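All remarks here apply to the structure that follows.
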Amino acid sequence: MAMEIRYNHVSADYQLGPIRTINVLDDVNLLIKPSSFTAIVGHTGAGKSSLLKVLNGLIRPKQGEVKIGEYYVSSNNDSTSLKEVRKRVGMVFQFPESQLFAETVEKDICFGPLNFGVGLNEAKEMAKKAIYQVGLDASFLQKSPFSLSGGQKRRVAIAGILAMKPEILILDEPGAGLDPNGKKEILSLIASWNKNDKLTTIMVTHEMDDVAQFADDVIVMEQGKIIFHDDVRTFFANLDQIQSWHLGIPEARRFQLLIEEKTGVSLPTICLTVEELADCLIEVGLA
Amino acid sequence: MVRDSTNPIIEVKDVSFRYDLRNSAETLSSLNFSVQKGEWVAVIGNNGSGKSTLAGILLGLYKPQFGSVTIAGYELNDDTKWEIRKRMGIVFQNPENQFIGSTVEDDVAFGLENLNMPYEQMKERVYEALHLVDMYDYRHTDPTRLSGGQKQRVAIAGLLALQPEILLLDEAFVMLDPKSRKDLLKTLQKLKSQHQLTIISITHDMNEAASSDRIIVLKSGTISSIGTPKEVFSKELDIEAPFTEKLRRILQMKGRNVPNTYMNEEEMIEWLWK
Amino acid sequence: MNKILIGRYLPGTSLLHMLDARAKLIAGFYFIFILFLAEDWPAYILLWTFTFWVMHLSGVHFKTYIRGVRPLIWLILFTVCLQVLFTAGGEIYFEWGPVTISRFGIESGIYIFFRFVMIIFISTVITLTTKPIDLTDAIHFLIKPLRIFKIPVEEISIMLSIALRFIPNLLDETQKIIDAQKARGTEFGKGSLFQQMKTLVPIFLPLFVNSLNRAEEVANVMEVRGYQPNAKRSSFRKLRWKWTDTLSLVIMVFLTVGLLIMNTIV
């Protein structure tokens, strides 16, 4: 059952000992469509991680509420309803491999489902499915998570979230620190879950090439506020706006602009990937 | 840029290394290459190719079972490694674990303290180095308030304070956001030409490798190619390519009449315009 | 974690902030020592005057100090009760079995309370007005003589300063792991003691592994930056002793004299 996500006038802040920070989220209003792939961009400190954390109740809104299907997160949730939310909103933190702790990969992946009341045998079944979903095979299940490579550890961590069968997957820079091939593989997997399993996907990222290639919609945040929310092509259309936000652009777009400047020829569309650029260049006869 | 082609500053001869002596598989096998003074050499290769092991060997953290390494005139061994480390600085990939001091200036001074340098001299070097990386205004800041890119700048300052001849970058920008990566690369290029540094950069970033003087490609612990970016990217078809090469390959696949060799951005635009 | 005040530095420009960390440490320890010289209420009045004066000089609100006492209040009251109920002397107000409430008992109970609170206040003043790294430098200076006993003073010092530098990272990592396991359905603080302890394994184990990895990386970084444990090292950070620091020690001497005088009154 596809769940819609709605932020209604959400504001939140942090308490750090005797210091109370300014609002990390400032009157946020958002609608995220089910099964969409949304990228969240913005500078460090803009509130991106907080936007994610309030979605599964790790941060409670000071004001307003977040509705996830028929569940909600507000300043007065009790822990039972938060548990219901967390069952459905799977969150993958940055460098998720640091959360691995069990003796075997299987035990670690089962941790989530077991916490949510799934029986042991069923949990093991889910673990087996999840390990394949992340592109590994069953031989990994009995290995120690600490014996794996960085990329494999990350997949195991993500499998641990997928095993909970969430309907919404939120990810904070899933490709951080990986080599280009590893990053490509993880992002392709994430895109496939979104397309094939209709998993609503929300991803914080700095890499504009990934936004161009995978996202349907883009949210731009600045100082706790949402300053843009629209589809990806609209986002990349207005170059001045992107520059004023001090954000980068995909390699293909950057090169397209360089070509247009140096040759004086205008290309028919906004090229976001290298394939689109190739097609455009062929179309105008430059290549 | 004048390159001294007869005077290698680094020479690696026949180096083989494995972590576990019980294992017959070698992490690095019979590596042979040299780096000239003033070059920017990129070392690329997939995970498991042995890149980081190579860095560890150059730094004297691991000892090869066979072969020899000569750096800045010293043959690398347990005694000379301390001398070598005064002449070769390294930037690692994790900005956090590299930051030893409690403030920016303290961290830059760490390497100088290890040399037992007198205070007045340290002060000069520290402030000079901080100016070179534009971090002087942050000299009293503690690391919790710095971004990853800023911390890497401080790491670079810490090396520059030693006035090294060689800079070794071990995937130094992998954990940074794209903008910080670009900025730091520019800073390094500027510093290299100002101070005649030799730079060895172990990297995943193909666009960065494309702007180096030479590229060493490692595959499963051996050198698969050494050459200019043009030579390497035209030949090595299974490694990740820089952007213009990706474009060239797609155009070639679609049957267009593109040249068979790698072109950098200027060359590509020139060809498009014809 | 956030409510413990001792150990938290608040930047400022008060006179106390300007004092050398060594002077503050020495004066602090000395104060705790002479606390036990006080014999009767005139002496305590003098000590309290001194304490309040020092707290005022720090520029930090009195409420903040009270908040620092609160976590320890039960320990203090417990000790005070022991004194009040089980020591005898002077006029006896109430007696029942081993319990004796006497004038002496009440008085010494009050004095114990005073001493506890003053120690907390003065320690808090020191940690509020002194950067942790300056404190470790001061400790380094003061334990240097221990070198005679083959104690590795330099290594201890650098270990302290590196540990300090990474404490915020450790706290962040802990919070991150707690969040990650919460997101996987862990509930903390629920169930029997045994169940609650079980929920700590997914926190401590990754933390432990992470810390070990971090330690190895930091050790490698230190080595390639030229650190050798037994080699002579210079120091970039300097503690500067000024006339105000000498003055602060002189004030402690005056305080002692004043205390002895107060003891003779009454």
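Chains as they are written, first to last, in the numbering used here: chain F, 1 to 287; chain Z, 1001 to 1274; chain X, 2001 to 2266. C-beta atoms are modelled at their ideal positions from N, C-alpha and C, and glycine is treated no differently. This one's a predicted model, so the numbers in the text were calculated from it and none came from an experiment.
- Between X/S2248 and X/L2019, the CB-CB gap stays under 9 Å.
- Under DSSP, Z/W1040 shares a beta bridge with Z/I1199.
- Checking the DSSP bridge columns, you'll see F/N8 partnered with F/E65.
- F/M91 and F/N115 do not touch by the CB rule: their CB atoms are close to 14 Å apart, not below 8 Å.
- With respect to chain Z, the C-beta atom of F/G160 has no partner C-beta closer than 9 Å.
- Under the three-state reduction of DSSP output, X/W2096 falls in the strand class.
- Where F/A278 is concerned, the enclosing alpha helix (DSSP H) starts and stops at 274 to 283.
- For Z/D1177, at least one C-beta of chain F is nearer than 9 Å to its own C-beta.
- For the segment 2135 to 2156 of chain X, no residue has a beta-carbon sitting nearer than 8 Å to a beta-carbon of chain Z.
- Residue state for Z/R1214 is assigned as strand, using DSSP reduced to three classes.
- One thing to note: Z/S1068 has its Cβ within 9 Å of the Cβ of Z/V1015.
- Residue ranges of uninterrupted alpha helix (DSSP H) with 4 or more members, entirely inside the segment 2179 to 2257 of chain X and ordered along the chain, are 2193 to 2198, 2201 to 2224.
- Neighbours of X/S2235 in chain Z, taken as residues at a C-beta separation under 8 Å, are given in chain order as E1113, Y1119.
- Under the DSSP assignment, F/Y72 falls in the beta strand (DSSP E) whose first and last residues are 71 to 73.
- For F/N238, no beta strand (DSSP E) segment is defined, and its DSSP state is neither H nor E.
- When 8 Å is used as the limit between beta carbons, Z/W1273 is near these residues of chain F: K262, T263, L286, in chain order.
- At least one beta carbon of chain F lies nearer than 9 Å to the beta carbon of Z/S1147.
- Under the three-state reduction of DSSP output, F/V218 falls in the strand class.
- For X/G2185, the C-beta contacts it makes with chain F under 9 Å involve K83, R86, K87, F111, G112, P113, L114, N115, F116, G117, M164, in order along the chain.
- Taken residue by residue, none of the segment 2083 to 2108 of chain X has a beta-carbon sitting less than 7 Å from a beta-carbon on chain Z.
- Considered as a whole, the segment 2055 to 2112 of chain X harbours 2062 to 2069, 2073 to 2086 as its complete alpha helix (DSSP H) runs of no fewer than 4 residues, in chain order.
- When beta bridges are read from the DSSP output, Z/M1088 appears opposite Z/I1166.
- For Z/A1055, the uninterrupted alpha helix (DSSP H) segment begins and ends at 1051 to 1058.
- Residues F1099 of the same chain have their beta carbon placed closer than 6 Å to that of Z/P1143, with the five preceding and five following residues left out of the count.
- Around X/I2126, the same chain offers K2024, G2028 as residues with beta carbons nearer than 6 Å, after the five sequence neighbours per side are excluded.
- Chain Z has a Cβ within less than 9 Å of the Cβ of X/P2132.
- In this chain, the beta strand (DSSP E) harbouring F/N29 covers 25 to 32.
- Annotated as proximal: X/T2129 and X/H2017, with beta-carbon spacing under 9 Å.
- At the C-beta level, F/D216 and F/V204 stay beyond 9 Å of one another.
- Shown here for X/T2136: same chain residues with a beta carbon closer than 8 Å to its own, the five before and five after excluded, namely S2157, L2160, S2161, L2164 in chain order.
- F/L120 and F/V156 do not touch by the CB rule: their CB atoms are close to 19 Å apart, not below 8 Å.
- Its chain contains G2089, G2090 as the residues whose beta carbon lies nearer than 6 Å to that of X/F2104, once the 5 sequence neighbours on both sides are disregarded; these appear in chain order.
- DSSP places F/S139 in no beta strand (DSSP E); its state is neither H nor E.
- The distance from the Cβ of F/N181 to that of Z/E1240 is about 7 Å, consistent with a contact at the 8 Å cut-off.
- Contact annotation: Z/I1044 and Z/H1204 have beta-carbon atoms nearer than 9 Å.
- The C-beta separation of F/M208 from F/G248 comes to about 5 Å, placing the pair in contact by the 8 Å criterion.
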